[in-house]
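Below you'll find the structure, written out as structure tokens, and then a few comments.
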Amino acid sequence: LGLSDRTIMIRHVLPNAMVSTLTFLPFILTGSVTVLTSLDFLGFGLPPGSPSLGELLNQGKNNLHAPWLGFSSFFLLSLMLSLLVFIGEAVRDAFDPRKTLV
9 LGLSDRTIMI RHVLPNAMVS TLTFLPFILT GSVTVLTSLD FLGFGLPPGS
59 PSLGELLNQG KNNLHAPWLG FSSFFLLSLM LSLLVFIGEA VRDAFDPRKT
109 LV
């Protein structure tokens, strides 16, 4: 009686699971970038001298005579995290199956 389990999963479960997975992916990336930058800033991440935003922030903190180091890395980090959040919201709006088309 009725449809097979595979057909039910493909028609109903997969589209709803895809929305939540695609929605959370940019937020997971945002958290990962924040953690990596924080660890690099504290000295627990990549080896010293490796190019990263945390290392650049740390160099900007240590060299106050060159404020562009800290400002540029902070601006780039905040811009990247903001864009990832906006991408996550756009993906959620685009793939939401419960969204009404008007």
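Counting from 9, one number per residue, gives the positions in the sequence shown under the working numbering.
We treat Cβ as the ideally placed atom computed from N, Cα and C, and that holds for glycine.
Rounded straight-line distance, which links the Cα of L91 to that of K107 | Spanning the two alpha carbons is a distance of roughly 23 Å.
Inter-residue Cα distance where the pair is A74 and P34 = So the two alpha carbons sit approximately 33 Å from each other.
For F103, which residues of its own chain have a beta-carbon under 7 Å away from its beta-carbon, when the five flanking residues on both sides are left out?
-> M26, V27, L30.
DSSP-derived helix/strand/coil call for N71 = The answer is coil: DSSP assigns N71 none of H, G, I, E or B.
Between L45 and L61, which are expected to be in contact by the criterion C-beta below 8 Å, what is the C-beta distance as a whole number of angstroms?
-> First, the residue type needs correcting, since residue 45 is Thr and not Leu in the sequence shown. T45 to L61, Cβ: 5 Å. Contact.
Evaluate D101 with the Cβ neighbour count: other Cβ atoms within 10 Å of its Cβ, from every protein chain shown; 16 or more gives buried, anything less gives exposed.
-> Result: exposed.
Provide the residue span of the alpha helix (DSSP H) that contains I36, from first to last.
-> Counting along the chain, the alpha helix (DSSP H) containing I36 begins and ends at 22-50.
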